[in-house]
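Structure, as structure tokens:
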Amino acid sequence: MPKNGRSFEQVGSFGERVAKLEAMITAIAFVQVESSRIPEVAQEIANIDGVSEVYSVTGDIDLVVMVRVREFDEISSVISDKLNKVEGVIDTSSHLAFRAYSKVDLEATFNIGE
């Protein structure tokens with residue numbers, strides 16, 4: 005515990021906590037899957053370290069996968085080395101997020117350390 009008696013989670017200014025939140029790199033992967041295997045593939049992908057969310061969606065793709073990591077090299081590890089090798093994955097298209105504008109991200113900023 006720091007000398008000031010506060011736990012680690014309480015130490016730091018609001019700006020420092022925002023900087024920690026912004027340090028996360030978000031990638032969005034659109035995934036085509038063998039139609040008969042969507043639930044199993046989605047669950048297996050959800051279990052990959054670095055994957056924060058998996059959504060089954062309508063349209064030209066089957067799954068939207070949210071990847072949140074701290075280093076760019078981890079994106080390659082998660083998507084190329086793990087996600088693409090899940091049995092039933094046909095194709096992926098990956099996209100990097102530059103900035104978040106959602107209410108969820110703003111709320112997360114205020115909940116760091118709680």
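Remember, the working numbering sits 4 above the position in the sequence shown when you count from 1.
Glycine included, C-beta positions come from ideal geometry on N, C-alpha and C.
Quick caveat, the model's predicted, so the values are computed rather than measured.
- By DSSP's assignment, F34 forms a beta bridge with V68, S97.
- Inclusion of V82 and E48 in the CB contact set at 7 Å is not warranted, their separation being larger than that value.
- Note that the C-beta distance between V71 and G54 is below 7 Å.
- Excluding the 5 residues flanking it on each side, S39 has same chain C-beta neighbours closer than 8 Å at D66, in chain order.
- Around L100, the same chain offers A31 as residues with beta carbons nearer than 6 Å, after the five sequence neighbours per side are excluded.
- Secondary structure of E78 (DSSP, three-state): helix.
- Secondary structure at I52: coil, using DSSP grouped into helix, strand and coil.
- Residue pairing by DSSP places S60 opposite L67 in a beta bridge.
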